[in-house]
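Below you'll find the structure, written out as structure tokens, and then a few comments.
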Amino acid sequence: MSRVLSSKVSTTPFEGQKPGTSGLRKKVTEFQKPHYTENFVQSTLSALGDKIDGCTLVVGGDGRFFTKEAVAIIIKMAAANGVKRLIVGQHGVLSTPAVSCLIRKHQTMGGIILTASHNPGGPDGDFGIKFNCANGVLSEVDGRLFIVDVVDSVDDYVHLMRQIFDFDAIRQLLTGSDGNEPLRIRVDCLNGVTGPYARRVFCEELGAPADAVVHSQPLADFGGLHPDPNLTYAKPLVEAVKQGGQGFGAAFDGDGDRNMIIGEGAFFVNPSDSLAVLANNLDCIPYFRRLGVRGLARSMPTGCALDRVAAAKKLECFEVPTGWKFFGNLMDAGRLSLCGEESFGTGSDHVREKDGIWAALAWLSVIAQRQQSVQQILEAHWDQYGRNFFTRYDYENCESAPCEKMMSELNQLVADPSTVGKTFSSGGKSYTVSKADNFCYTDPVDNSVTKNQGIRLIFSDGSRVVFRLSGTGSSGATVRMYVESYEKDDTRMDAQAALAPLVDIAITVSKLKEYTGRSEPTVIT
Ligand code: G6P
Ligand code: ZN
1 MSRVLSSKVS
11 TTPFEGQKPG
21 TSGLRKKVTE
31 FQKPHYTENF
41 VQSTLSALGD
51 KIDGCTLVVG
61 GDGRFFTKEA
71 VAIIIKMAAA
81 NGVKRLIVGQ
91 HGVLSTPAVS
101 CLIRKHQTMG
111 GIILTASHNP
121 GGPDGDFGIK
131 FNCANGVLSE
141 VDGRLFIVDV
151 VDSVDDYVHL
161 MRQIFDFDAI
171 RQLLTGSDGN
181 EPLRIRVDCL
191 NGVTGPYARR
201 VFCEELGAPA
211 DAVVHSQPLA
221 DFGGLHPDPN
231 LTYAKPLVEA
241 VKQGGQGFGA
251 AFDGDGDRNM
261 IIGEGAFFVN
271 PSDSLAVLAN
281 NLDCIPYFRR
291 LGVRGLARSM
301 PTGCALDRVA
311 AAKKLECFEV
321 PTGWKFFGNL
331 MDAGRLSLCG
341 EESFGTGSDH
351 VREKDGIWAA
361 LAWLSVIAQR
371 QQSVQQILEA
381 HWDQYGRNFF
391 TRYDYENCES
401 APCEKMMSEL
411 NQLVADPSTV
421 GKTFSSGGKS
431 YTVSKADNFC
441 YTDPVDNSVT
451 KNQGIRLIFS
461 DGSRVVFRLS
471 GTGSSGATVR
481 MYVESYEKDD
491 TRMDAQAALA
501 PLVDIAITVS
511 KLKEYTGRSE
521 PTVIT
């Protein structure tokens, strides 16, 4: 506890500090420029206006390179700006969902998260700063004492998980204490922030052996790994589960909000399917048994498997733009319990962020209750609802101008009334356009309108093609192409094979190869 003495430092604005969907995300070297970080922190605090005086904020990040320096800057500047109390994770480390958990528990004004999510770290990697608002209450102002509370990074989060899930049931599953074969799992933290959380939850609380959690030491450069849980960057998990025979595998991104789930033999659970399966099985989780299920939601590009579950269960189902904040509004209004995105994000209204470890625990709850393998659960789901085959092609770090041109040409295509009714054919399959637009969202809670959220070609059988530019890349333009094809009966095909004709159509219609100059995508999921 100390009294605050502040001094004034003059500075000039920097180009490009406007935060995107995930705050400000740039190269570490940018943040290291004199006054660069201070300027952004000051702007963030100034944006709070009068509310800053005497308030409490949570501060923490995924431990990537430059975290400690940024925390030190934030502490000084928060004190100088009249913040009364900071709740800081030990060594500045907190996962993104854990920050959200602390904001809600302590009802703070908000929190500052230091992360560039799934982007590589280290001196040449990326860093980021994001402010999380909360509808918290103001702390009382009593004098000008400034308090920094250093809290255990994991305790409150684990406490919350214990309230949501039936830990005894999952422990039985993982240890075989019910007389069944124990389910062997492998959890890969990719040297991101989730290591300490995963060790505590899966090993200490749930009885998995110590070697079930790997890459569990958070490292400033993620040990050179790219902490993005997908089939490209989490390949070591895929290979290990193929060889090791585990029945369940999970990986998380740098700041712990994304997840990838695989089953025995590295059977891949597409994130859009993962969301639909969880929605169909929420009664396996005590939290939802207690509170009921209020509504479901997915981001627009996410596959539509969820909509079928919502219809069957007569639940309200929302389609929102990419970006987790749109879910938050619906949750605050009490209209949303479970949501997710194709970009490996799954979560519920227990916090206001997506939550990787929560998703793994949700899956283990379903497995424990149904006593089925991951693959059996998926196949039963497809038998019941049919299958929305889904794939995403990413063209990363392309030149911006031609990509913008491609999008504007696609805009013209969907605006042209003659597009509806057109039939495209490839590989013996034909698709007729029944709707074409540029997705626009009107928030049902505050009626705010968000335009220009992605080009959609929707076909008469429910299949879809979507194009958008990523809002999270740190340099150049990243084009995302999402392709989804619905099959009622033929649900066991290989996904890429099932989608090949529509992928071909999408690439041709968009002239993607010409505009990006790429013959192949950087990543396919
Ligand atoms: C972040 C956001 C997500 C979003 C993802 C991809 O993780 O929190 O809501 O889905 O980025 O966004 P992008 O614009 O790169 O597709
Ligand atoms: Zn993340």
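For the sequence shown, full-length UniProt numbering gives the first residue as 1, with consecutive numbering after it. Glycine included, every Cβ here is placed at the ideal spot set by N, Cα and C.
Practice item. Return the CA-CA distance between Asp273 and Ile261, expressed in angstroms with no decimal places. Key: 11 Å
Point to revise | Minimum C-alpha distance to Asp283 - residue among Pro218, Ala362, Gly263, His381 | key: Ala362
**Study point:** Outcome for Ala497 when other beta-carbon atoms lying within 10 angstroms are tallied against a minimum of 16
**Key:** exposed
Exercise for review: In angstroms with no decimal places, state the Cα-to-Cα distance between His35 and Glu399.
Suggested key: 30 Å
Review point. Grouping DSSP H, G and I as helix and E and B as strand, with all else coil, what is Ile285?
Key: coil
Point to revise | Lys26 burial status per 10 Å Cβ neighbour count (16 or more: buried) | key: buried
Point to revise | From Ser43, Val479, Arg387, Ser299, residue whose alpha carbon lies closest to that of Asp461 | key: Arg387
Review point. If you draw a straight line from the alpha carbon of Pro120 to that of Lys51, how long is it in whole angstroms?
Key: 35 Å
Check your understanding: Does the segment 228-241 touch the segment 180-199, meaning 3 or more C-beta pairs lie closer than 8 Å?
Key -> yes
**Study point:** Assigned secondary structure, Val141 (DSSP; H/G/I helix, E/B strand, else coil)
**Key:** Here Val141 scores only 43 on pLDDT, less than 50, and its place in the model is too uncertain to base an answer on.
Check your understanding: Any heavy atom of the ligand G6P closer than 7 Å to the Cβ of Ser343?
Key -> yes
Practice item. Using only alpha-carbon positions, find the residue among Glu15, Val445, Arg480 that is nearest to Met406. Key: Arg480
Exercise for review: Would you tell me roughly how many angstroms separate the C-alpha atoms of Thr194 and Glu487, rounded to the nearest one?
Suggested key: 37 Å
Exercise for review: Look at the alpha carbon of Ala506 and the alpha carbon of Thr11, and state the distance between them as a whole number of angstroms.
Suggested key: 48 Å
Exercise for review: Starting from Ala477, follow its DSSP beta bridges and name the residues at the other end.
Suggested key: Cys398
Practice item. Answer with yes or no whether the minimum CB distance from Phe31 to chain B is below 8 Å. Key: Protein chain content of the structure displayed is limited to a single chain, and chain B is not contained in it.
Check your understanding: Quick one: complete beta strand (DSSP E) runs, 3+ long, within the segment 196-255?
Key -> 248-252
Check your understanding: Helix, strand or coil: which one does DSSP assign to Ala70?
Key -> helix
**Study point:** Glu181, buried or exposed, once every other Cβ within 10 Å from all chains shown has been counted against 16
**Key:** exposed
Review point. Which residue comes first and which comes last in the beta strand (DSSP E) that contains Cys339?
Key: 338-341
Check your understanding: Quick one: what's Ala134 bridged to in DSSP?
Key -> Looking at the DSSP assignment, Ala134 forms no beta bridge with any residue, so it has no partner.
Review point. Can you name the start and end residues of the beta strand (DSSP E) that Lys354 belongs to?
Key: Unbroken run through Lys354: none, as it is neither H nor E.
Point to revise | Gly340 Cβ short of 7 Å to the ligand ZN heavy atom set | key: no
Practice item. Would you mind stating whether Glu348 and Ser337 have Cβ atoms separated by less than 8 Å? Key: First, the amino acid is wrong: residue 348 is Ser here, not Glu. For Ser348 and Ser337, yes; Cβs fall inside 8 Å.
Check your understanding: In whole angstroms, what is the alpha-carbon distance linking Ser139 and Gly54?
Key -> For Ser139, the predicted structure reports a pLDDT of 41, less than 50, and the residue's modelled location is therefore unreliable. A value from the coordinates is still provided. Roughly 6 Å separates the two Cα atoms.
Point to revise | Beta-carbon proximity list for Thr508, same chain, < 7 Å, skipping 5 on both sides | key: none
Review point. Among Arg335, Cys339, Tyr287, which one has its Cα closest to the Cα of Leu306?
Key: Cys339
Exercise for review: Indicate the three-state DSSP secondary structure (helix, strand or coil) for Met260 in the structure shown.
Suggested key: strand
Practice item. Would you grab the beta carbon distance between residue 547 and Leu502 for me? Rounded to a whole angstrom, and I think it's under 8 Å. Key: Nothing can be reported for residue 547: it is not among the residues displayed for the chain, which extend from 1 to 525.
Practice item. Using 10 angstroms around the beta-carbon of Met1, count the other beta-carbons present and answer buried if the total reaches 16, otherwise exposed. Key: In this predicted model, Met1 has a pLDDT of only 49, less than 50, meaning its place in the structure is not dependable; the value taken from the coordinates is given anyway. That one is exposed.
Review point. Where do the N-terminal and C-terminal ends of the beta strand (DSSP E) with Phe467 fall, by residue?
Key: 464-469
Review point. When the Cα of Ala360 is compared with those of Leu237, Asn259, Thr516, Ala72, which residue comes out closest?
Key: Asn259
Exercise for review: Please go through the segment 29-54 and give each complete alpha helix (DSSP H) segment of 4 or more residues, from N-terminal end onward.
Suggested key: 36-46
Check your understanding: Is Thr508 near the ligand ZN, in the sense that its beta carbon is under 7 Å from a heavy atom of that ligand?
Key -> no
**Study point:** Local Cβ density within 10 Å of Gly263, reported as buried at 16 or more and exposed below that
**Key:** buried
**Study point:** Closer than 7 Å: Asp257 CB and nearest the ligand ZN heavy atom
**Key:** yes
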